[in-house]
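Numbering (this note's numbering), first residue to last: 28 to 194.
Where a beta carbon is used, it is the ideal one built from N, C-alpha and C, also for glycine.
Remember, predicted model here, so these are calculated numbers, not experimental data.
First comes the structure, then the notes that go with it.
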């Protein structure tokens with residue numbers, strides 16, 4: 028995930044910040060589920076961003092320059108009231124299926140820090156299929172991403188979404 032330090036940060040105002048973060052593809056439209064910990068640098072940057080903006084990079088299991096990858100640019104919606112999280116039980120089941128070790132950090136009465144469920148909703152999709160003239164590189168229409176088949180169909184997929192079939 029990539030975010031930007033807020034304008035009033037003492038030394039890094041406007042600078043990018045990027046670290047790997049857990050996410051899970053738990054929504055039919057391609058939005059991603061996140062655990063949002065206000066103690067984390069990403070969460071602080073998102074909270075202080077006017078549009079709760081972030082970017083998430085998704086790649087294949089074995090990243091390489093000739094493998095597909097995508098950057099999702101979007102906004103984070105927070106659900107600070109655990110009981111008001113839409114489809115909370117199915118979201119939690121989906122998230123834990125992809126990240127079993129996260130069971131220790133789930134929102135609820137036992138977490139070590141304050142934790143919320145959050146949803147990352149992409150509004151721009153930038154796809155790199157591999158090397159230049161042999162693969163598609165560019166923006167993919169949001170509607171195409173949102174309506175894509177999931178990876179269970181056995182086609183070329185990235186981030187558990189079918190983005191482009193190349194023949």
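Nearest-angstrom Cα separation, counted from residue j out to residue i
i           : j           : result
residue 77  : residue 71  : 12 Å
residue 92  : residue 30  : 23 Å
residue 146 : residue 105 : 7 Å
residue 36  : residue 117 : 37 Å
residue 38  : residue 144 : 30 Å
residue 95  : residue 166 : 13 Å
residue 42  : residue 32  : 5 Å
residue 168 : residue 151 : 8 Å
residue 191 : residue 172 : Its pLDDT being 41, under 50, residue 191 is placed unreliably in this model, and the coordinates cannot settle the point.
residue 148 : residue 133 : 20 Å
residue 153 : residue 121 : 25 Å
residue 161 : residue 107 : 45 Å
residue 53  : residue 47  : 18 Å
residue 89  : residue 113 : 33 Å
Opposing strand residues paired with residue i [DSSP bridges]
i           : result
residue 106 : 144
residue 96  : 86, 155
residue 201 : This structure cannot settle anything about residue 201, because the visible part of the chain is limited to 28 through 194.
residue 118 : According to DSSP, which records beta bridges pairwise, residue 118 is partnered with nothing at all.
CA nearest to the CA of residue i, picked from the options
i           : options            : result
residue 164 : 66, 97, 127, 131   : 97
residue 68  : 53, 114, 45        : 45
residue 85  : 156, 112, 161, 111 : 156
residue 135 : 115, 148, 149      : 115
residue 81  : 170, 101, 66, 120  : 101
residue 62  : 131, 162, 158      : 131
residue 24  : 83, 49, 40         : Absent from the model: residue 24. The displayed extent of the chain is 28 to 194, so no value can be given.
Under 9 Å between C-beta atoms of residue i and residue j
i           : j           : result
residue 123 : residue 59  : no
residue 142 : residue 64  : yes
residue 57  : residue 129 : no
residue 66  : residue 140 : yes
Whole-Å CB distance - residue i paired with residue j, under 8 Å assumed
i          : j           : result
residue 79 : residue 109 : With a Cβ gap of about 19 Å, residue 79 and residue 109 do not count as contacting.
residue 26 : residue 51  : Lying outside 28 to 194, the shown extent of the chain, residue 26 is not represented and no answer is given.
Contact test: residue i Cβ vs the ligand FMN heavy atom, cutoff 8 Å
i          : result
residue 56 : You won't find the ligand FMN in this model; it holds no ligand whatsoever.
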